[in-house]
Each structure stands twice: as structure tokens, then as C-alpha cells.
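Residue numbers (full-length UniProt numbering): 1 to 660.
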């Protein structure tokens, strides 16, 4: 409340115009937030936070920061404490500013994509958040740019991937054997016909020979006939053996196929693909079906196409399962995309499913490399693109915690150092912004309550850093108003968990010295400064609150002493002057040791002794005794000794008077 009094008087912070129907001032809001019912207190606290964010908006160092703090105000007004009309009224009042800033930020992000893609993404996330209901065309453009960035990343990744080899048989060996046997049979038949032809020719020659040759060649002819008969017998025996073997094969054939039935390559491939699918060997089935589709026609080709489609669908289903790792799933999708005869619908499905698992794989790689920023960025965008696995949210939570701890460690190393602002802007601030943007990247992340507290904490830390920037700027000035501004900003930063103990202690000491300087010349002003410092967040944690409380106490005591003494002047009531003496002594006892306090207690004590002396003269021994005894008490050791001696003399005079 003291803060509000000061800042209202300084005209430092004003309620945001048109935010709600309420036009309460800041001090009233603080009082309500501390003392009212839960609902009213919550709304008042939200309004105070909105005021702070509006102040950051005004002093933002860039258009991006300015729009970021407008986003924070919009988020506050989406709280159930505010009705829809209040939210819409605020958004309408900010519409022009949002539109103007958004166009500039979008163009800046386009230029930044090649140089710093993460910075560009942050801008696009901000735009998709604030442009809802303001400029939805530009909002869609920002959304599409994010999608394009990751699609390009996917294309590059898929091109670099190496396809693993899947081994399957190619030519049916069984069919080749049958063709060879058929050729052998044809060859044997031809040789037999040749031999028979030779025999007939010899017989004809025999019949046409001359009588004198007949006698001479008789023995030769007999030998030739014998040889021919012998060869024919061998051929008949071979033919009989061959037929017996074929009959045996027919008998052993389980399908009862006829001897001359031969499988086509397409039939063989269909059977083999079926066998692979029965064993859930989807990749083998896909490779073989894809290979033979182009070698077949008609019914065989249609069957192979159906088998290919079913095998791909099963591989897609397997890849989407929770138990399938992201890396294996990505390999499977890459495999499908390289299948020649995959249908367009399945190709598109594999392509769309590739993006979330590719991002999950990249998140896993970034985590191993301790690149926690990208581990969070990729995992969050994996969820944004449809990764609904429980493991995805668990990974995002783990990655976010790692990033948070790393960021807080970096902050602790940077804060208080010369030039900390530039270092923080390069590392700490982007990390905190990414955590805040989890809310904007995917609504599914916000629906998971595990992230809400971390998002709120990151928002506070970002505000705290901005407050420290403001505090440092104000602290560089020497006038009292600037130092009080610095105190306020340091306190608000401390409340958000971003404390700079060294600089904050420095400003406390400056203002303490200033307040002590006013204790004599302007006690009321000193009291106001002490109250401001006492209520500043961080006063207790940094060890200043007890000192300030003591100063407040003795100034209060001295003020009561002065007021009671003044009251005695009008009432002549001994109790008023006694009260003045008690509080004047307590003030000095607690540290209010200056010429003014010493003069005041002398004045009060002397007045009380005078009252006692006058009462003694008037024979009012009771009043006289009360005055002398009170001033002479050892408890009030800061009463001047000469005045105490006068009181003791008065007591002795009363004793002497009563003896008579």
C-alpha cells in the first residue's frame, strides 16, 4: 500500500486505459489483493500484473519485446477472473498496435530465417499467439512459415538417410529346373528319331545292292544291326527310367499338379509375399511385391498391388505404435517413401508421419549433446506436428527441466557482472522465451498440467530480467525519484526470483542514508522512505527489514511523543505528558539519538517537573508526587540528569511536607 501511495503521488504508474470497467488506482488494487475475498484478490493481483506488463511494454527495447509484453497482458486477461467482454475490450484497444508491430516483426523474421532460424521461429510463435482474432491471415502466414522451416529440415534429412538393404530371393529356382528337364527330354527324343532314320536308310541300301555285293557285305550288315539294336535298347531303358522318375514326383506332389504344370514368376512371388506377411516380415513382403508388380500383368499384378498396400499399411501401423522407437519409425517411413509402387495416399501418410518422428530423433540427439534448447524446440514441435505418444510428453518435460536448470545456472554466472545484459540476451533470455512459447507451440502441451507452472515461472523470470534492466538504468541516476524507481524495480525483480543482491543492497543503503538524513529535518518524509523500503520484496531476504523496522519504530515513537506533548498543551492532562515522556525515551533507546530527540525529552521532562512543582505549591501532593516520581524512574534513563535531580528534590520536598 505504501508503494501505491508513493507511485500514485509521483504519477509513475497508471492503470491501463480501457482495460476493464474498474478504474481503481494501484494502491487500491494492492490493498484489495491483500485483504479481500479470494475472487476479488485474484482479479486485483492479475490487474497489478497487467499493469507491470504494460509498463514493460512502454520501455521495451525492441518491437519484438513490446509485442511480447502485450502477449503477456492478453494471457492475463484470458484468466477466468475476467469475462469475455473485458478480454475483448482490452484486445480491441490494442488491435492497432498489435497489427502494426506484427507486420514489422513478420518481415524481420523472414529476413532472419537464414541467419538465425531459432530467432525467426520465436518471432513466428509470438505472432501465432497474439494475432488470433486480430489478423488471422498474417497469423496463418506465420504458422505456415514454421511448418515450411521444419518441412525443409525433413527433406534434407530424408535425402541424407541411407536405406538399409532387405534381402529377398529373386528368380524361382524350382521353375528353372523344370525347364531344363523339358529340354533334356526333347533332346533325347530327337536323338532316337535320328537313330531310327539311320536304320531305315541302311535297310533300303541293303535291298538295292547288287548280288555280288550282298555276299561280300553280309557280315558287316549283321554287325551294324546288332549295334543299332543295342543302342535302341539303352535309349528305351533311359526313357523308361525317366518316366518312372516323373511318375514318382507326381505321386509325391502334395498339390496333385500335373506333370506339365509350371508356376509363373508372379505366382511364385504371390506365394512368397503371403508367407512373409504371415510372419509379419513387412519389409520383405514390400520389397518382393514391389519388385514383381512390374513383371506381371492382369490378376497377378492386381494381387501383388493389394499385397503391397496391405504390407505397407501394416508397417505404418507398426511404426506408429508407442513401443516403436522414433529412430526405427523414421527408418520405416523413409523405406516406404522409396517404394516404387506405393500408392499416393500411403506415400503422403508416410511423409506426414516422418516429420514428428524426425523431430523426436533430433530432440534425442540434441539431449545427448546437451544442447537443451534444441532438445526442447524439436520435442515441442514434434508434439505440435501430431506426436501424441506419452513418451513425447515425458521427453519434453525432461528436456525442459534440463534447459531450465542450465538457464538458471547461466543466469547466476552472469548476474552482477559488468555487461551482464548482453550476455543474458544471447542465452538466458531466448531459453526462457522458448519455455514461455510452449503454450503457443501446441495447445496439447498446455493441456498437460505438468508444464503450466514452468511456463509461469519462465514468464516471471523474463519479467524479472526486464525489471533489472530498468532498475540498473534508474540506479545510474542520483536523484531520489530515480533511486525510488530503482528500488521498486529491484523489488519486483526479486519477487519474480531474479535477484541481484549486490545492486539491490546498494540501493537500500543509499536510501537508508537518505532517510536518516530526513529524520530530523523532515521526519514524515523519512518515515515514508522507511515504509517504502520495508514493504519492498527482498528487504527481509537481504537482511534490511529489521534495521528498517527499528527506524520506523523509533520514528513512530518520537511522533507519538511529539503528538502527546502537543495534546497536553490543550488538555493539561498529566497522562498525556507521561505518555510523551515514555515514547520519547523509547525512541532514543531504539536509536533515535540526535539533538532533536534529546531536546524533546528534556522539554517533556522539564515540563513534567514544573507541573509537579506547581502542584506542590498548591498543596496537590498527589499530582506533585506522580510527576516527580515518573521523571525520576530509572527506566527512563535518557532523561537529563539535572532534570532528574530536580524530580528527586521534589520527592524529598513531599516527604518533608508529610512529616510535619
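Ideal Cβ placement from N, Cα and C applies to all residues, glycine included.
The alpha helix (DSSP H) runs lying completely inside the segment 511 to 535 and spanning 4 residues or more are 523 to 534, given in chain order. Each residue's CA atom was taken as its position, placing residue 83 and residue 89 some 10 angstroms apart. A straight-line Cα-Cα distance of about 43 angstroms links residue 307 and residue 121. Around the beta carbon of residue 362, a 10 Å sphere encloses 16 or more other beta carbons of the protein chains shown; the residue is thus reported as buried.
A contact is defined here as three or more CB-CB pairs under 8 angstroms, and the segment 568 to 587 fails this definition with respect to the segment 531 to 540. Residue 498 carries a coil assignment under DSSP once its states are collapsed to helix, strand and coil. Cα atoms of residue 569 and residue 654: separation of roughly 26 angstroms, rounded to the nearest angstrom.
Residue 379 and residue 474 have their C-alpha atoms some 40 angstroms from each other.
Distance from the CA of residue 327 to the CA of residue 491, rounded to the nearest whole angstrom, comes to 48 angstroms. Rounded to whole angstroms, the Cβ separation of residue 123 and residue 108 is 7 angstroms, and the two are in contact under 8 angstroms. In the displayed model, residue 542 falls within coil according to three-state DSSP, outside both helix and strand. Annotation: the continuous alpha helix (DSSP H) that includes residue 107 extends over 84 to 112. Per DSSP, reduced to three states, the secondary structure at residue 590 is coil, with no helix or strand assignment. Residue 68 and residue 98 have their C-alpha atoms some 10 angstroms from each other. Taking residue 91 as reference, the option from 72, 81 and 447 with the minimal CA-CA separation is 72. The alpha-carbon separation between residue 631 and residue 624 amounts to approximately 11 angstroms. Collapsing the DSSP output to three states places residue 118 in a helix. In the DSSP assignment, residue 639 falls outside any alpha helix (DSSP H) and carries neither an H nor an E. A direct Cα-to-Cα measurement between residue 375 and residue 515 gives close to 51 angstroms. When DSSP states are grouped into helix, strand and coil, residue 442 belongs to the coil group.
Judged by DSSP in its simplified three-state form, residue 133 adopts coil rather than helix or strand. DSSP places residue 290 in the uninterrupted alpha helix (DSSP H) bounded by 282 to 293. Rounded to whole angstroms, the separation of the alpha carbons of residue 397 and residue 450 is 8 angstroms. In the three-state reduction of the DSSP assignment, residue 153 falls in the helix class.
Residue 403 is not a Cβ neighbour of residue 437, given a cutoff of 8 angstroms. The segment 313 to 332 makes no contact with the segment 293 to 304: fewer than 3 CB pairs, one atom from each, lie closer than 8 angstroms. In terms of Cβ geometry, residue 643 and residue 606 form a close pair [threshold 8 angstroms].
In terms of Cα proximity to residue 335, the closest of 165, 133 and 513 is 165. Judged by their CB atoms, residue 604 and residue 577 are nearer to each other than the 8 angstroms cut-off. The beta carbon of residue 431 lies closer than 7 angstroms to those of 373, 403 and 407 in the same chain, with the five residues before and after it left out.
Pairing residue 434 with residue 441, the inter-Cα distance amounts to about 9 angstroms.
Within the same chain, 555, 558 and 559 come within 8 angstroms of residue 523 by CB-CB distance, once the 5 residues on both sides are set aside. The alpha-carbon of residue 388 is positioned some 13 angstroms away from that of residue 359. Between residue 536 and residue 487, the C-beta spacing is below 8 angstroms.
Residue environment analysis places residue 115 among the exposed positions, since fewer than 16 neighbouring C-beta atoms fall within 10 angstroms of its C-beta.
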